[in-house]
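Colleague: Residue numbers (this note's numbering): 2 to 80.
Even glycine gets a Cβ: it sits at the ideal position worked out from N, Cα and C.
A quick note: this is a predicted structure, and the numbers were derived from the prediction, not measured.
The structure's right below; bear with me while I get my questions together.
What follows is the structure, given as C-alpha cells:
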C-alpha cells in the first residue's frame with residue numbers, strides 16, 4: 002500500500018467495502034453459477050488481509066496514534 006494521506010472517512014469507507022466483500026464470501030460462498038454464467042469472488046485470504054488492514058487503520062485513526070517510527074534528532078557533543 003502506498004503511504005499517501007487519507008482521511009478517517011475514506012478509511013471507514015474502504016473498511017465498509019472490504020467488510021461487505023468478506024460478508025458476501027462468508028454468506029454466499031466463493032463462487033456461484035446461474036445458467037451458463039459463473040461468478041468467482043476474490044480469494045478469502047486476500048479479502049481477510051485487506052479487511053484487517055482497514056479495520057486497524059480506522060482504529061488507529063480514531064485513536065489518534067501515528068503510524069511508523071518516531072524520528073528523533075540527536076546531537077553528539079564532545080565535552
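Closest to residue 43 by C-alpha separation, out of 32, 53, 36, 37, would be which residue?
Modeller: 32
Colleague: Ordered along the chain, which non-local residues of its own chain (more than five positions away) have a Cβ less than 8 Å from that of residue 59?
Modeller: 9, 12, 13, 16, listed in sequence order.
Colleague: Nearest chain B C-beta to residue 41 closer than 8 Å, yes or no?
Modeller: Annotation note: the requested chain B is absent from the structure, which comprises a single protein chain.
Colleague: Expressed to the nearest angstrom, what Euclidean distance is found between the alpha-carbon atoms of residue 27 and residue 73?
Modeller: 45 Å
Colleague: Could you check where the alpha helix (DSSP H) with residue 9 kicks off and where it finishes?
Modeller: Per DSSP, residue 9 belongs to the alpha helix (DSSP H) from 9-29.
Colleague: Identify the continuous beta strand (DSSP E) that holds residue 32 and give its terminal residues.
Modeller: Per DSSP, the continuous beta strand (DSSP E) segment holding residue 32 begins and ends at 32-35.
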